[in-house]
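Visitor: Have a look at this one.
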Amino acid sequence: SLESGGKRLRPILCLASAEAVAERETPDNSKNARALALPAACAIELIHTYSLIHDDLPAMDNDTLRRGRPTLHVVTSEGMAILAGDGLLTEAFGLITREPQSSDPVIVNRKLRTISVIAEAAGATGMVGGQAMDLASVTSETNKLPQPKLDSDELQKMHEQKTGALISGAASAGAIMAGADEKTTSAIKTAAAQMGLAFQIVDDILDVEGSSENLGKTAGKDAVTGKPTYPALYGLKTSRQMANHCIEHAEATLQSINLSDARLLEIGHWIIERTL
2 SLESGGKRLR PILCLASAEA VAERETPDNS KNARALALPA ACAIELIHTY
52 SLIHDDLPAM DNDTLRRGRP TLHVVTSEGM AILAGDGLLT EAFGLITREP
102 QSSDPVIVNR KLRTISVIAE AAGATGMVGG QAMDLASVTS ETNKLPQPKL
152 DSDELQKMHE QKTGALISGA ASAGAIMAGA DEKTTSAIKT AAAQMGLAFQ
202 IVDDILDVEG SSENLGKTAG KDAVTGKPTY PALYGLKTSR QMANHCIEHA
252 EATLQSINLS DARLLEIGHW IIERTL
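Here the numbering used here runs 1 ahead of the position in the sequence shown, where the first position is 1.
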């Protein structure tokens with residue numbers, strides 16, 4: 002279920018995307034599509050986990066709690082946490098090259114496209130770039146100069162890269178591995194990007210409204226550190242409305258390719274209704 006699997010949003014989204022594409026074209030083929038997309042889904046979760054380990058480091062967000070447990074650098078050491086993240090990122094791409102095993106040129110081409118999409122989503126123009134914007138916008142021990150506050154366009158760009166890129170990349174990867182055409186893949190990517198932005202807006206809201214016990218991480222830290230967030234810029238009510246508008250946009254995009262009944266939209270609704 003989404004409630005129990007919410008911490009695995011990205012791989013679930015990847016598999017749901019593959020399933021949606023397959024069911025629209027050939028309903029009996031969804032099982033095969035999920036099998037083709039599963040290695041990419043696992044790889045994306047490896048990348049997401051690496052990003053959390055590095056994000057929690059003292060040089061970045063300096064968090065001591067993640068998913069209700071002490072963060073890895075607290076349990077082991079900063080060095081081991083860095084190496085664990087490096088290993089997860091490397092293994093992610095190794096996994097996609099190995100699986101699914103096939104000499105079929107069609108499958109090999111899909112795998113190459115998927116590797117390219119995920120690398121872009123995780124790299125300097127995606128997640129890493131967004132994290133760099135985040136770090137540069139906050140005064141900290143490692144960035145002691147006062148930083149100008151991000152305006153609305155810059156905040157959206159940061160969220161689209163830091164959080165949205167890997168979410169849209171996950172959905173795109175699933176569509177590609179299931180054999181979607183360019184129009185379908187592009188529309189799914191657009192819809193998932195809106196879901197990704199909504200996810201981060203809700204994350205910002207929950208940092209204000211939630212508790213550390215429910216969230217599994219330190220609540221209220223964004224305000225303490227002066228991080229740029231949607232509630233800080235727009236307030237809670239408007240932020241919630243903006244998240245809803247993102248999902249409405251995603252629904253309209255999915256309707257345009259006849260995927261409005263797919264589980265993809267169920268995931269979108271969970272994003273704005275979640276409490277953790």
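Here a beta-carbon is modelled for each residue, glycine too, at the ideal position from N, C-alpha and C.
Model, not experiment: these values are computed from the prediction.
#1: Is it the case that the Cβ atoms of LEU14 and ILE206 are separated by a distance below 8 Å?
#2: How would you label SER169, buried or exposed, when you count the other beta carbons within 10 angstroms and need 16 or more for buried?
#3: Can you have a look at PRO106 and say buried or exposed, based on whether 16 or more other CB atoms are within 10 angstroms of its CB?
#4: May I ask you to list the residues that DSSP assigns as paired with LEU66?
#5: Helix, strand or coil for SER31 per DSSP?
#6: What are the boundary residues of the alpha helix (DSSP H) that THR186 is part of?
#7: Are LEU16 and ILE48 close, meaning C-beta to C-beta below 8 Å?
#8: Just the C-alpha distance for THR164 and LEU198, rounded to the nearest angstrom, thanks.
#9: Just the Cα atoms here: how many angstroms apart are SER5 and GLU92?
#10: DSSP on SER18, reduced to helix/strand/coil?
#11: Quick one: Cα of ASN245 to Cα of LYS238, how far?
#12: Do you know offhand how far ALA1's Cα is from ASP182's?
#13: Give me, in chain order, the residues of the same chain whose beta-carbon lies closer than 7 Å to that of ALA21; leave out the 5 immediate sequence neighbours on both sides.
#14: For MET134, which residues from the same chain have a beta carbon less than 6 Å from its beta carbon, with the 5 sequence-adjacent residues on both sides left out?
#15: In whole angstroms, what separates the C-alpha of GLN162 from that of GLU274?
#16: Let me make sure I understand the geometry here. Which of ILE272, ALA194, VAL139 has the alpha-carbon closest to that of ASP62?
#17: Looking at the structure shown, is GLU100 part of a helix, part of a strand, or coil, going by DSSP?
#18: So what's LEU56 in DSSP terms, helix, strand or just coil?
#19: Find out if the Cβ-Cβ distance for the pair ARG9, ALA19 is shorter than 8 Å.
#20: Only counting the same chain, and skipping five residues up and downstream in sequence, which positions put a Cβ closer than 8 Å to that of LEU96?
#21: Using a threshold of 7 Å, is the CB atom of ALA17 nearer than that to any non-hydrogen atom of the ligand GTP?
#22: Exposed or buried, what is ALA82 when buried is set at 16 or more other beta-carbons lying within 10 Å of its beta-carbon?
#23: Alpha carbons only, please: which of VAL76, HIS270, ASN30, ARG11 is nearest the one belonging to HIS250?
#24: Going by C-alpha to C-alpha distance, which of GLY236, ASN33, LEU113, GLN256 sits closest to PHE94?
#25: Give the straight-line distance between the Cα atoms of SER2 and PRO12, rounded to the nearest whole angstrom.
#26: Could you give the DSSP three-state label for PRO229: helix, strand or coil?
#27: So what does DSSP say about MET61, is it helix, strand or coil?
Guide: Let me lay it out:
#1: For the purposes of this step, residue 14 is taken as the residue at position 13 of the sequence shown. For the purposes of this step, residue 206 is taken as the residue at position 205 of the sequence shown. Contact: no.
#2: Indexing the sequence shown from 1 puts residue 169 at position 168. Under this definition SER169 is a buried residue.
#3: Your numbering for residue 106 matches position 105 in the sequence shown. For PRO106, the number of other beta carbons within 10 angstroms of its own is below 16, and it is reported as exposed.
#4: Along the sequence shown, read from residue 1 onward, the residue named residue 66 stands at position 65. BP columns for LEU66 point to PRO71.
#5: In the sequence shown, the residue the question calls residue 31 occupies position 30. Of the three classes helix, strand and coil, the one that applies to SER31 here is helix, per DSSP.
#6: Along the sequence shown, read from residue 1 onward, the residue named residue 186 stands at position 185. THR186 -> alpha helix (DSSP H) spans 183-210.
#7: Against the sequence shown, residue 16 aligns to sequence position 15. Against the sequence shown, residue 48 aligns to sequence position 47. No, Cβ-Cβ distance for LEU16 and ILE48 is not below 8 Å.
#8: Residue mapping note: residue 164 aligns to position 163 of the sequence shown, counting from 1. Residue mapping note: residue 198 aligns to position 197 of the sequence shown, counting from 1. Their backbone Cα atoms lie some 7 Å apart in a straight line.
#9: Here residue 5 refers to the residue found at position 4 when the sequence shown is read from its first residue. Here residue 92 refers to the residue found at position 91 when the sequence shown is read from its first residue. With a pLDDT of 43 at SER5, under the threshold of 50, the modelled position of that residue is not reliable, and the figure given next carries that caveat. Cα to Cα, the separation comes out at about 26 Å.
#10: Taking the first residue of the sequence shown as 1, we reach residue 18 at position 17. Helix, per DSSP.
#11: The residue you call residue 245 lines up with position 244 of the sequence shown. The residue you call residue 238 lines up with position 237 of the sequence shown. Cα-Cα distance, rounded: 11 Å.
#12: Coverage of the chain is limited to positions 2 through 277, which leaves residue 1 absent and any answer about it impossible.
#13: In the sequence shown, the residue the question calls residue 21 occupies position 20. These residues qualify, in order along the chain: LEU260, ALA263, ARG264, LEU265.
#14: Sequence index remark: in the sequence shown, residue 134 carries index 133 (1-based). Closer than 6 Å at Cβ, skipping near neighbours: MET159.
#15: By 1-based counting over the sequence shown, the position of residue 162 is 161. By 1-based counting over the sequence shown, the position of residue 274 is 273. Cα atoms of GLN162 and GLU274: separation of roughly 22 Å, rounded to the nearest angstrom.
#16: Counting from 1 along the sequence shown, the entry for residue 62 is found at position 61. ASP62 has its Cα closest to that of VAL139, out of ILE272, ALA194, VAL139.
#17: What you label residue 100 is simply residue 99 of the sequence shown in a count that begins at 1. Three-state result, GLU100: coil.
#18: Counting from 1 along the sequence shown, the entry for residue 56 is found at position 55. The question names Leu, but residue 56 is Asp in the sequence shown. Looking at ASP56 - three-state DSSP - the assignment turns out to be helix.
#19: Along the sequence shown, read from residue 1 onward, the residue named residue 9 stands at position 8. Along the sequence shown, read from residue 1 onward, the residue named residue 19 stands at position 18. No, the Cβ-Cβ distance between ARG9 and ALA19 is not below 8 Å.
#20: As a position in the sequence shown, residue 96 is number 95, starting the count at 1. Once the five neighbours on either side are set aside, the close Cβ partners of LEU96 are PRO40, CYS43, ALA44, LEU47.
#21: Looking for the ligand GTP in the displayed structure turns up nothing, as the structure carries no ligands at all.
#22: Counted from its first residue, the sequence shown places residue 82 at position 81. With 16 or more other Cβ atoms within 10 Å, it is buried.
#23: In the sequence shown, counting from the first residue as 1, residue 250 sits at position 249. That would be HIS270, whose Cα lies nearest to the Cα of HIS250.
#24: Indexing the sequence shown from 1 puts residue 94 at position 93. For PHE94, the nearest C-alpha among the options comes from LEU113.
#25: By 1-based counting over the sequence shown, the position of residue 2 is 1. By 1-based counting over the sequence shown, the position of residue 12 is 11. Interpretation of SER2 is limited by its pLDDT of 43, a score under 50 that renders its predicted location unreliable; the figure taken from the coordinates is listed afterwards. Between SER2 and PRO12, the C-alpha separation is close to 13 Å.
#26: Within the sequence shown, the letter at position 228 stands for residue 229. DSSP places PRO229 in coil when its eight states are reduced to three.
#27: To locate residue 61, count along the sequence shown from 1; it is residue 60. Residue state, collapsed to three classes: coil.
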